[in-house]
Amino acid sequence: MNQKLQYLLCAGAVCAMLFGCGKKQAVTLPDLTEIVTLPTPTETQAPTNPNAGVEELTAVLSAGEIYTLEQYPDLKKVDLSGSTCYDTILEYMDAHPDVEVIYTVDLGGTTVSNQAASVRLEAGKYTYEALLENLKYLPNLTSVSISAVNLTAEQVETLRSTYP
Numbered sequence: 190m191n192q193k194l195q196y197l198l199c200a201g202a203v204c205a206m207l208f209g210c211g212k213k214q215a216v217t218l219p220d221l222t223e224i225v226t227l228p229t230p231t232e233t234q235a236p237t238n239p240n241a242g243v244e245e246l247t248a249v250l251s252a253g254e255i256y257t258l259e260q261y262p263d264l265k266k267v268d269l270s271g272s273t274c275y276d277t278i279l280e281y282m283d284a285h286p287d288v289e290v291i292y293t294v295d296l297g298g299t300t301v302s303n304q305a306a307s308v309r310l311e312a313g314k315y316t317y318e319a320l321l322e323n324l325k326y327l328p329n330l331t332s333v334s335i336s337a338v339n340l341t342a343e344q345v346e347t348l349r350s351t352y353p
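Under the numbering used here, the letters of the sequence shown match residues 190 to 353, in that order.
Shown next, in the form of structure tokens:
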């Protein structure tokens, strides 16, 4: 029995030596000093943009409110009829050529869509001042018919030279 015990001890020693002589692999432990960021629980996550997905919008806005349209990233069409900040609307249109913008222009008693190609104005439904100032905001307008003209010849000539 003594000899069996010696064989077992020798076999154990040989095994221990063989396992210890193998190729050593370096083990890299993670740096535990770094800050670990855990995912935010869903009940405290910031909400997604509630205006995402809105493609059409109708609003009457002032010049100081046009910037709110930037909150609608998917906007394809906006109707600003009734808004009178024409210069600001045109700036928005230049900055967002992919958005169809509809608006109306007041000619002193008659309201005309920016998409209109022609307009017929009745006496008392327009003012010279509004025509002179606001026709420039109607880029698609090619014809203006005025019945019962209550303009002077000089005013008509000024309008013709300003808007050929």
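Even for Gly, the Cβ is constructed at its ideal location relative to N, Cα and C.
task = Have a look at the DSSP bridge pairing and note the partners of Asp-268.
result = Partner residues in the beta bridge of Asp-268, as assigned by DSSP, are Thr-247 and Ile-291.
task = Apply the 10 Å Cβ neighbour rule to Asn-303 and answer buried if 16 or more other Cβ atoms are within range, or exposed otherwise.
result = Looking at its Cβ environment, which holds 16 or more other Cβ atoms inside 10 Å, Asn-303 is buried.
ask   = What's the gap between the Cα of Tyr-315 and the Cα of Leu-258?
value = 31 Å
request  = Indicate, with yes or no, if the ligand SAM has a heavy atom lying under 6 Å from the CB of Arg-349.
outcome  = In terms of ligand content, the structure shown is empty, and the ligand SAM therefore cannot be addressed.
query = How is Phe-350 classed by DSSP in three states: helix, strand or coil?
reply = Per the sequence shown, the amino acid found at residue 350 is Ser instead of Phe. In this structure, Ser-350 counts as helix in the three-state DSSP scheme.
ask   = What are the complete beta strand (DSSP E) segments, minimum 3 residues, inside the segment 293-324?
value = 293-295, 300-302 and 307-310
Own chain residues within Cβ distance below 7 Å of Ala-241, not counting five before or after = Pro-262 and Asp-263
query = Is it the case that the Cβ atoms of Leu-310 and Ile-335 are separated by a distance below 7 Å?
reply = yes
task = Compare the C-alpha of Tyr-292 against each of Asp-283, Gly-298 and Ser-272 and name the closest.
result = When each option's Cα is compared against that of Tyr-292, the closest is Ser-272.
message = I need the boundaries of the alpha helix (DSSP H) containing Ile-278, first residue and last residue.
response = 275-284
query = Between which two residues does the beta strand (DSSP E) carrying Ile-255 extend?
reply = That residue, Ile-255, is in no beta strand (DSSP E); it is neither H nor E in DSSP.
8 Å contact criterion, which Thr-277 and Ala-252 should meet: CB distance rounded = Contact flag correct, Cβ pair sits at about 4 Å.
Beta-carbon contacts of Tyr-352 that lie in its chain and below 7 Å, excluding the five residues immediately before and after = Leu-324
Separation of Glu-343 from Val-333, as counted between CA atoms = 17 Å
request  = Using the Cα positions of Ser-350 and Tyr-317, report the straight-line distance between them to the nearest angstrom.
outcome  = 14 Å
inquiry  = Cutting at 8 Å between CB atoms, please list the residues of its own chain near Ser-307, excluding the five before and the five after it.
reply    = Leu-330, Thr-331, Ser-332, Val-333 and Ser-334
key: Buried or exposed by the 16-neighbour rule on C-beta atoms within 10 Å, applied to Tyr-326   = buried
ask   = In terms of alpha-carbon separation, which member of Leu-250, Gln-260 and Val-290 lies closest to Lys-266?
value = Val-290
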